[in-house]
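**Q** The listed protein sequences correspond, in order, to chains H and S. Those letters in the first sequence? Residues 1 to 405, by this note's numbering. Those letters in the second sequence? Residues 1 to 320, by this note's numbering. One structure is given below, represented as structure tokens, and several questions about it will come after.
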Amino acid sequence: MDRRAFLGTATAGAAALALPAVLRAQSKDPVKIGFPLPLTGPFAALANDMQRGATLAMEQVNAKGGVLGRKLDVLFRDDQLKPAVGAQRTKELIENEKVQFVVGGLAAHVQMAINEQTKAAQVLYISVSQSDEISAKPDTSPLTFHEALNPTITGRAVGTWGVQNLGKKWWIVYADYAWGKQINAVFTDIVKKHAGTILGATPYPLGNPEFSAHLPRIQAAKPEVLLAVTPGADGVAFTKQAISFGMKKEMKILAPLHFLFYAKEGGADLFSDIYGGTSFYWEVQDTVPQAKRLVEAWTKRFGVPPDAYGLYGYSGIMEVARGVELARSTDSTAVASALRANPVYDHYKGKQWWRPCDNKSFQDMWIVKGVPQSKVRGEWGYYDVVSRIPANEELDRTCAEKGHA
Amino acid sequence: MIGRLLAWLAAHPVLGFLGFFAVFPFLVPYKALATQVLIFGLFALGFNLLYGYTGLLSFGHAAYYGLGAYGTGIALAKLKVGSLWVGLAAGLALAVAGGVVIGFLCLRRRGIYFAMLTLAFAQLLYFIGFHLAEWTGGDDGLRGIPQLPLTLPGVAIRLNTPLAFYYFAFALVALAVAGLKRILDSPFGAVLQAIRENSDRAVACGYDITRVKLLSFVFSALFTGLAGALDALRLTVVPIESLYWTTSGQVVIMTLLGGAGTFFGPFVGAATFLVLEDRLSLFIESWPLVIGAIFMVFVLFLPRGIWGTLQGGLHGRPRA
Chain H
1 MDRRAFLGTA TAGAAALALP AVLRAQSKDP VKIGFPLPLT GPFAALANDM QRGATLAMEQ
61 VNAKGGVLGR KLDVLFRDDQ LKPAVGAQRT KELIENEKVQ FVVGGLAAHV QMAINEQTKA
121 AQVLYISVSQ SDEISAKPDT SPLTFHEALN PTITGRAVGT WGVQNLGKKW WIVYADYAWG
181 KQINAVFTDI VKKHAGTILG ATPYPLGNPE FSAHLPRIQA AKPEVLLAVT PGADGVAFTK
241 QAISFGMKKE MKILAPLHFL FYAKEGGADL FSDIYGGTSF YWEVQDTVPQ AKRLVEAWTK
301 RFGVPPDAYG LYGYSGIMEV ARGVELARST DSTAVASALR ANPVYDHYKG KQWWRPCDNK
361 SFQDMWIVKG VPQSKVRGEW GYYDVVSRIP ANEELDRTCA EKGHA
Chain S
1 MIGRLLAWLA AHPVLGFLGF FAVFPFLVPY KALATQVLIF GLFALGFNLL YGYTGLLSFG
61 HAAYYGLGAY GTGIALAKLK VGSLWVGLAA GLALAVAGGV VIGFLCLRRR GIYFAMLTLA
121 FAQLLYFIGF HLAEWTGGDD GLRGIPQLPL TLPGVAIRLN TPLAFYYFAF ALVALAVAGL
181 KRILDSPFGA VLQAIRENSD RAVACGYDIT RVKLLSFVFS ALFTGLAGAL DALRLTVVPI
241 ESLYWTTSGQ VVIMTLLGGA GTFFGPFVGA ATFLVLEDRL SLFIESWPLV IGAIFMVFVL
301 FLPRGIWGTL QGGLHGRPRA
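Printed below as a string of structure tokens:
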């Protein structure tokens, strides 16, 4: 043993003897992840799904001995779907609870308010709902990861499939706010690119779903495909009105995203024959073995199957755990580098990966179609799986387009 | 004992404020909560000047709060002015300008019409903010507000820790509190309260109450705008909800809960509301029910609010 090694060992030994309590406390303290999400408000059903996912991930990690021998602890906070509350709760989690990582946020504006806090505190953040900006400059950072799909990927994937399979002549009804406008722009672009035509577009104020004045005009234009960008409760109102005008029989109706819990709430007949995209639907377990294991564990634990947003939450927690193990550290910068260096993961539906230049996750998605009430399988079989769209970096904007040098 | 303390506070409210809020961050669970209480207390103080002291009920105070926040936020994030002071000044200027214009127009009507006009103007600003996304970020909110250091002659202090930012906000809010005390002690302040008690009699005494009311409106917008500007610096984002009517409603609740027309009521109300929200929401999803029930109890049985009741007893006279 040379002098330097001896000094090193002696110093470490002395420190260990002098500070046993500190060291012991450090090695036994749980690894804490803050998780703001809108447990109250209009997205509560999705937030509950997400909370189930994060809880299951935590339990599974802990059942296998935790991370680095430490327990994983996920702290949920209600952000009320308000950016100021999301920001405040994130501050509280970081300052008061000393969380090492943050996962969560379920709406573009809230996740960006959360992101500002995690950026300032240099804490790794995995965002788990849709947004184009979160992985683009100037909002993003080396510590900001984006697990969910985004409007560009959703629009290009669902739009390409729609124009190739449903028809070339389109009409778009969209809610006139950030997400609706983005989705409209992406679909318009992709439909034209595949030699389709947009016959017209009808913006309407979000949360004010009165379409009866517009529907006859849309019918008269005779589109083959009607794209309904009508989030949440607006979608229920829109579909009811479209059905009463007999539009389901005259054209194919397509939605950018389908949500299992809204289908359950609105009833199968409402959404029957309507096509839509999703990052996961539980019956894809018939073709994906990983999904089968997870759906079984989930349904056993909670009594309901998982849906897309629940699995974003699940995967977000699993990725933090994987990153900590890879980095052998809870330092945010080290974990972020470890994830970028080992970008491929597979937690529930097949291969996913982080694109290192913008920390964006790429993943498979599916096209599903609502089934009528008479054909619903069991309690939750509300859709037929129509097509799988494999993960593809070309579906998103390039890193250069997103402002990454 | 409590009576003597209250009497001392009534005589020295600014000293009382300084003493209490100097140690406040160590009394609540975490510092960022203390800062939030301080800022919303200032917001309620601005509202209270107009409602509690002048007797004008505004349902649109989100307007000046939002203007202060967006003024500071846009100056720092979009115009990149690079100075904390210039950013703050921009927010205050915008809030005061809004106060002058909106006050001038709204004060032509009284009672419910006045309240509805203030609400209408605030909603107007909300929709402008919503659609001017190039400047305001629209419904995604304004992001990218830098955390600039505080520059004073000879020193630059970094505000990136929760405690440093708290004391920065504390210094500015203390100035506002001292300013409010000065206003209330002046003849102008006496006229405000005369208008609240009986505006016809104030006119008969020869006061130009339209001008006095407008000045009160503008001072109120100034304090409120400072609160908005500080909140923009604190969160480094300005959500579009800053301008929404729910923000106006929240400040009305805080002020009434704490005690309208009392010096400390707004801070007591803000602290009660925010600390309850912060702690209760950890345990129960329906925490607004609890705050709503407390609010109803006060409005129905203790209309002076928490501070007003403490001060004057159940039926006594208010002292400050």
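Virtual Cβ for every residue (Gly too), placed ideally from N, Cα, C.
(1) Tell me whether H/Leu-46 sits in a helix, a strand or coil according to DSSP, three-state version.
(2) Return no unless some Cβ of chain S is closer than 7 Å to the Cβ of H/His-404.
(3) Does DSSP put H/Asp-346 in a helix, in a strand, or in coil?
(4) Which of helix, strand or coil does DSSP assign to H/Ile-183?
(5) The stretch 78 to 107 of chain H: which residues have C-beta closer than 7 Å to a C-beta of chain B, in chain order?
(6) Around the C-beta of S/Trp-8, are 16 or more other C-beta atoms found within 10 angstroms, so that it is buried, or is it exposed?
(7) Can you confirm whether the stretch 3 to 23 of chain S touches the stretch 327 to 338 of chain H when touching is taken to mean that 3 or more C-beta pairs between the two stretches lie within less than 8 Å?
(8) Go ahead and pull the three-state DSSP assignment for H/Ala-113.
(9) Span of the alpha helix (DSSP H) holding H/Trp-298?
(10) What number of angstroms, rounded off, separates the C-alpha of S/Leu-27 from the C-alpha of H/Leu-143?
(11) Answer with yes or no whether the minimum CB distance from S/Tyr-113 to chain H is below 7 Å.
(12) Taking the runs of the alpha helix (DSSP H) that are 4 residues or longer, which of them lie wholly in the stretch 132 to 214 of chain H?
(13) Could you tell me how far apart the beta carbons of H/Gly-403 and H/Ala-136 are, in whole angstroms, since I believe they sit closer than 8 Å?
(14) What is the DSSP secondary structure of S/Leu-92, reduced to helix, strand or coil?
(15) For a quick check, are the C-beta atoms of S/Ala-75 and S/Ala-90 less than 7 Å apart?
(16) Using a beta-carbon distance below 7 Å, is H/Thr-452 in contact with chain S?
(17) Drop a sphere of 10 angstroms on the beta-carbon of S/Trp-85, count the other beta-carbons inside from all chains shown, and report buried for 16 or more, exposed for fewer.
(18) Using a C-beta to C-beta distance shorter than 7 Å, which residues of chain H count as neighbours of S/Arg-143?
(19) Should H/Gly-196 and H/Leu-254 be called a contact, given that it needs their Cβ atoms to be closer than 7 Å?
(20) Which residue marks the beginning of the alpha helix (DSSP H) containing H/Pro-306, and which one marks its end?
(21) Could you check the C-alpha separation between H/Leu-311 and H/Asp-273 for me, to the nearest Å?
(22) Taking C-alpha atoms, which residue in H/Lys-249, H/Val-110, H/Gly-159, H/Ser-129 lies nearest to H/Ala-185?
(23) So which residues on chain H does S/Glu-134 lean against when the C-beta distance must stay under 9 Å?
(24) Please report the distance separating the alpha-carbon of H/Thr-188 from that of H/Gly-350.
(25) Report the residues of the stretch 207 to 234 of chain H with a CB closer than 7 Å to any CB of chain S, ordered along the chain.
(26) What does the Cβ neighbour count give for S/Leu-289, buried or exposed, with the cut at 16 atoms within 10 Å?
(27) Please report the residue range of the beta strand (DSSP E) in which H/Trp-380 lies.
(28) Using a Cβ cut-off of 9 Å, which residues of the stretch 130 to 156 of chain H contact any Cβ in chain S, in chain order?
(29) Quick check on H/Met-50: buried or exposed, where buried means 16 or more other Cβ atoms within 10 Å of its Cβ?
(30) So is H/Ile-33 buried or exposed if we call it buried at 16+ other beta carbons inside 10 Å?
(31) For H/Pro-20, which residues from the same chain have a beta carbon less than 6 Å from its beta carbon, with the 5 sequence-adjacent residues on both sides left out?
(32) Please list, in chain order, the residues of the stretch 218 to 239 of chain S that have any C-beta partner in chain H closer than 7 Å.
(33) How would you write the range of the alpha helix (DSSP H) that H/Trp-354 sits in, first residue to last?
(34) Given this structure, state the Cα-to-Cα distance separating H/Lys-28 from H/Arg-328, to the nearest angstrom.
(35) Count the other C-beta atoms from every protein chain shown that fall within 10 angstroms of the C-beta of S/Gly-16, then say buried if there are 16 or more, exposed otherwise.
(36) Could you work out which residues of chain H lie near S/Ala-270, taking near to mean beta carbons separated by less than 9 Å?
**A** According to the data block:
(1) helix
(2) no
(3) Reduced to three states, the DSSP call for H/Asp-346 is coil.
(4) DSSP, read as helix, strand or coil, puts H/Ile-183 in helix.
(5) Absence of chain B from the displayed structure is noted, the protein chains being H and S.
(6) exposed
(7) Flag = no, the stretch 327 to 338 of chain H and the stretch 3 to 23 of chain S do not touch.
(8) helix
(9) 289 to 302
(10) 33 Å
(11) With its beta carbon at least 7 Å from every one in chain H, S/Tyr-113 lies outside the interface.
(12) 151 to 165, 178 to 193
(13) 6 Å
(14) helix
(15) yes
(16) Only positions 1 to 405 of chain H appear in the structure, and residue 452 of chain H is not among them; the question remains open.
(17) Exposed, since its Cβ has fewer than 16 Cβ neighbours within 10 Å.
(18) Met-112, Glu-116, Asp-139
(19) Not in contact: H/Gly-196 and H/Leu-254 (Cβ atoms no closer than 7 Å).
(20) It is not in any alpha helix (DSSP H) - H/Pro-306 carries neither H nor E in the DSSP assignment.
(21) 25 Å
(22) H/Gly-159
(23) Result: empty, since nearest Cβ-Cβ is about 13 Å, beyond 9 Å.
(24) 30 Å
(25) Per Cβ criterion, the list is empty.
(26) exposed
(27) Counting along the chain, no beta strand (DSSP E) covers H/Trp-380, and no H or E run does either.
(28) Ser-131, Glu-133, Pro-138, Asp-139
(29) buried
(30) buried
(31) With a pLDDT of 46 at H/Pro-20, under the threshold of 50, the predicted position of this residue should be treated as unreliable, and no value is reported.
(32) Leu-235, Thr-236, Val-237, Pro-239
(33) Taken as a continuous stretch (DSSP letters only), H/Trp-354 belongs to no alpha helix (DSSP H), being part of the beta strand (DSSP E) at 352 to 355.
(34) 15 Å
(35) Flag for S/Gly-16 reads buried.
(36) The premise fails here: S/Ala-270 is roughly 13 Å from chain H at the closest Cβ pair, so nothing lies under 9 Å.
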